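Q: All residue numbers for the sequence shown refer to my numbering, where the first residue is -11 and numbers rise by one. From the three backbone atoms N, C-alpha and C, an ideal C-beta is built for every residue, glycine too. Since the structure is predicted, the reported quantities are computational estimates derived from the model, not experimental observations. If you scroll down you'll find the structure; I have some questions about it.
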Amino acid sequence: MPHPLGIELLTVLGMGPVEHVTLAADLGCTAVSMGLTQLPFNPYGYPAWSLREDPALRRELKAVMRERGVSISIAEGMGVSADLDASRHAADMDLFAELGALRVNSVDMGVERDRAFEQLAKLCEMAGERGMDFSIEFCPVFTIRSLPEALAAVRHIGEGRATVLIDSMHFFRSGGTVAQIAELDPALIGHVQLSDAPRKSAGDYMQEAMSGRMIPGEGELPLREFIDALPRGQTLGLEVPLMAQAESGRPAVECVAEIVMKTRELMA
-11 MPHPLGIELL TVLGMGPVEH VTLAADLGCT AVSMGLTQLP FNPYGYPAWS LREDPALRRE
49 LKAVMRERGV SISIAEGMGV SADLDASRHA ADMDLFAELG ALRVNSVDMG VERDRAFEQL
109 AKLCEMAGER GMDFSIEFCP VFTIRSLPEA LAAVRHIGEG RATVLIDSMH FFRSGGTVAQ
169 IAELDPALIG HVQLSDAPRK SAGDYMQEAM SGRMIPGEGE LPLREFIDAL PRGQTLGLEV
229 PLMAQAESGR PAVECVAEIV MKTRELMA
């Protein structure tokens, strides 16, 4: 079975959710990652939107997803922080459950380890109560920095209750290897985000993650081998914000279409 593709929230750089789903479907993709509000950067100047504040937009989004066969693969924006208790995410989780999101994803944002594990466990329980799966994303500049550390958080939460989200840039930058993926229990992989990048960071890591990612096949990461090591049928969410191209005026549809085309060429 080939890997289905999804279009992540970061890739569309502020595009409205209905347009996001429509674009994904037009390109033959079956999933999107979704937040409840527009991201804080918007190079295309899209109108502001909020799924929290606009019930009509939620209804329209559900209708277009049903019509076009696209699902919300991960619910974004559920990060763990030092001063916000997980319980404050309850209303947002209710909205994501209403929208049919399959999975809640969380990242620790640099919170102290014990608190991060405690808060992630709470979020996992809240997601499960609403019929959604739960995954933990790791990043070299946060507390949970690598695949082994994310797996430790999964073990803390309890076997079978949580999985890991593997972002190819974060994975290889944190010292990950293709062999680790091949040896990993497929049941522990909740979601995969795909982008390319140089092997080593050239400056501000998070700035690079937001605006310096590359189309799969155009950087230095061993993505073909990485993809081959993944469980067959694993959805690959394309997280490739081509910020410089957007700021130059290249249409979003062209940028995203190129990302999808070149990823399919890489997998062929």
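I'd like to confirm the pairing. Which residues does DSSP put opposite M22 in its beta bridges?
A: Against the sequence shown, residue 22 aligns to sequence position 34. A63, per the DSSP bridge assignment.
Q: Suppose only complete runs of 4+ residues qualify. What are the alpha helix (DSSP H) ranges in the region 170 to 214, listed by chain order?
A: Segments of the alpha helix (DSSP H) lying fully in the region 170 to 214: 193 to 199.
Q: Check whether the Cβ atoms of R201 and A175 lie closer than 8 Å to each other.
A: Within the sequence shown, the letter at position 213 stands for residue 201. Within the sequence shown, the letter at position 187 stands for residue 175. Cβ atoms of R201 and A175: not closer than 8 Å.
Q: Looking at C-beta atoms only, is the number of pairs between the region 223 to 232 and the region 189 to 208 that lie closer than 8 Å three or more?
A: At 8 Å Cβ cutoff, the stretches touch.
Q: For A13, which residues of its own chain have a beta-carbon under 6 Å away from its beta-carbon, when the five flanking residues on both sides are left out?
A: As a working mapping, residue 13 is identified with position 25 in the sequence shown. So the list reads R56, V58, once near-sequence residues are dropped.
Q: Let me confirm a value: A104 is counted as buried when at least 16 other C-beta atoms fall within 10 Å, else exposed. Which label applies?
A: Residue 104 sits at position 116 when you count from the first residue of the sequence shown. With 16 or more other Cβ atoms within 10 Å, it is buried.
Q: Using alpha carbons as the reference points, say which of L49, R161, Q222, E213 lies closest to E265.
A: In the structure as shown, the chain starts at -11 and stops at 256, and residue 265 therefore has no counterpart that could be examined.
Q: Roughly how far, in whole angstroms, is the beta-carbon of I60 from the beta-carbon of V95, given that I think they are within contact range, below 8 Å?
A: Taking the sequence shown and counting its residues from 1, one reaches residue 60 at position 72. Taking the sequence shown and counting its residues from 1, one reaches residue 95 at position 107. No, I60 and V95 are not in contact; Cβ-Cβ is about 17 Å, not under 8 Å.
Q: Measure the alpha-carbon distance for G205 versus T251 and round it to whole angstroms.
A: For the purposes of this step, residue 205 is identified with residue 217 of the sequence shown, where counting begins at 1. For the purposes of this step, residue 251 is identified with residue 263 of the sequence shown, where counting begins at 1. About 7 Å.
Q: Taking only the alpha-carbon atoms, compute the straight-line gap between D102 and E227 and give it to the nearest angstrom.
A: Mapped onto the sequence shown, residue 102 falls at position 114. Mapped onto the sequence shown, residue 227 falls at position 239. Spanning the two alpha carbons is a distance of roughly 29 Å.
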